[in-house]
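Structure, as structure tokens:
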Amino acid sequence: EIGARGVRYKAAKTHQFCLTDMFHAFDLSSTMQICSHGAGTLQSIGRLCSMVRDLSKCPTITLWMPEDCWKLTKLWMEALDCLPDLLSKKLELEHRTQTHLSMEDLLKHVTQDPATASAFPDLQRLLTAPTGHNKKG
11 EIGARGVRYK AAKTHQFCLT DMFHAFDLSS TMQICSHGAG TLQSIGRLCS MVRDLSKCPT
71 ITLWMPEDCW KLTKLWMEAL DCLPDLLSKK LELEHRTQTH LSMEDLLKHV TQDPATASAF
131 PDLQRLLTAP TGHNKKG
């Protein structure tokens, strides 16, 4: 029986949850922009979970993902992990300059100031990496 958005599975009689494998992929092309949103991908693969009564009897849980998709997903995870530090940096810069920084201004600062960029290498990689070209080149 399928329950909860078609990703969480449960046994009809025992109502135990056990999803052991998930395949997740998105289109990556050198000629088009990426068609997947980072936070959406992380939320989707985060649904790979199981509830078991006895942890020692829990089966192996595996996420299957093409290597290129996995590399980008890891980058998204690492970039999201730095968001609390990014907020702290924003507050620090606002306090020091006595001005309000928009997120756009903050991200420009993080990617263009070498001292700040070195503190956020994953975010730097995410925001400055080429993402492909559209169909017109």
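Here my numbering runs 10 ahead of the position in the sequence shown, where the first position is 1. We put the beta carbon where it would ideally sit given N, CA and C, even for glycine. Since we're looking at a predicted model, the values are computed, not measured.
Problem - Where T30 falls: helix, strand or coil (DSSP) - result: coil
Problem - Per-residue DSSP class, three states only, for L58 - result: coil
Practice task
Leaving out five residues on either side along the sequence, give the residues of the same chain with a beta carbon under 6 Å from the beta carbon of G48.
Solution key: W86
Problem - the segment 94-106 contacting the segment 75-85, beta-carbon criterion three pairs below 8 Å - result: no
Handout entry: Cutoff 8 Å: A89 Cβ touching any chain C Cβ
Key = The chain inventory of the structure shown lacks chain C, comprising one protein chain alone.
Practice task
Sort out for me which residues DSSP pairs W74 with in a bridge.
Solution key: F33
Handout entry: Spatial distance of A127 from F33 (CA atoms)
Key = 34 Å
Exercise for the section: In the DSSP assignment, find the alpha helix (DSSP H) that holds D95 and state where it starts and stops. Expected result: L93 to T107
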